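Structure first, commentary second.
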Amino acid sequence: MPFLPIIIFAALALLLVLYNQYRQRLRQQAVRALAASLGIEVTAALQPQDFEIFQNFEIAKRGRGRVSNNAMVADSGPLRVVVFDHKFTVGSGKQAHTYRQTIAMVSSQSINTPHFTLAPEGFWHRVGEFFGFKDINFETDPEFSKTFQLKGPDVGAIRDFMTSSRRSQLLQFSGFNLESLGSNFILYRSKRVLDTDAFQALMSQCLTLNEVLEDPESDNID
């Protein structure tokens, strides 16, 4: 039967699609159950206001086939935290790869930061530095510079913002990716989808990070 391999391949492909759909339904149910237990809102996709803010961040522009879903929203007015799943695909054909991660996005009235990204310092980052692709380092703080790759368009503003106190407090977020711009920031672990059991811990970490990034002048805002 010359068509048997084709039939088997098609059947396996269909099973894979059905399995992925099943996993997606389980994920949606778990997120909705958690949101209900916390008494907060959940939507299948990012709400328009959140989608618009998210487009300002680098990860929102990567790859193709970008999907942001399972969005859980906690909004107190001055502080809005949205936890959601995001995926995108790079490459094509056999070289295609889809990256998935859980992202927390915060909109806060108490922060006003320069645009910067903070990522775990890794082997390829160090290779890049060797070839001249420099990040922002602090000679007086080797621990921070070895832990993170810090980048951004306005180096002077970032250096002024990254006080010794902030750098010290940011060390607790080693392993995370952080991007901040004005009154918004995102926090996530690259290529990692979190179990819903970890959502509350991520939201709590966002509250702590918001305090680290707070503008001292915000205390004077009515």
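Sequential numbering of the sequence shown, starting at 239, is according to our numbering.
We treat Cβ as the ideally placed atom computed from N, Cα and C, and that holds for glycine.
Small disclaimer: the values here were computed from a predicted structure and weren't measured.
- Taking each of Ser345, Glu290, Lys325 in turn and checking the Cα distance to glycine 315, the smallest one comes out for Ser345.
- By the CB criterion at 7 Å, isoleucine 349 and aspartate 453 fall inside the cutoff.
- Inter-residue distance for phenylalanine 423 and glycine 331 is about 34 Å (C-alpha atoms, whole angstroms).
- In the DSSP assignment, valine 431 falls outside any alpha helix (DSSP H) and carries neither an H nor an E.
- The alpha carbon of glutamine 443 has as its nearest neighbour, out of Ser418, Thr434, Phe411, the alpha carbon of Phe411.
- Within the same chain, Ala357, Tyr426, Ser428 come within 6 Å of asparagine 415 by CB-CB distance, once the 5 residues on both sides are set aside.
- Straight through space, the alpha carbons of arginine 318 and methionine 441 are spaced by roughly 10 Å.
- Assignment of beta-bridge partners to phenylalanine 386 by DSSP yields Pro358.
- Under the three-state reduction of DSSP output, glutamine 339 falls in the strand class.
- Note on glutamine 293: under 16 other CB atoms within 10 angstroms of its CB, so exposed under the neighbour-count rule.
- For serine 442, the secondary structure class from DSSP, reduced to helix, strand or coil, is helix.
- Of the candidates Leu432, Asn448, Arg404, the residue whose Cα lies closest to the Cα of glutamine 339 is Leu432.
- For phenylalanine 326, the three-state secondary structure derived from DSSP is strand.
- In the structure shown, alanine 334 falls within a coil segment according to DSSP collapsed to helix, strand and coil.
- Per the C-alpha coordinates, the member of Leu451, Ala439, Asp435 positioned closest to glutamine 407 is Leu451.
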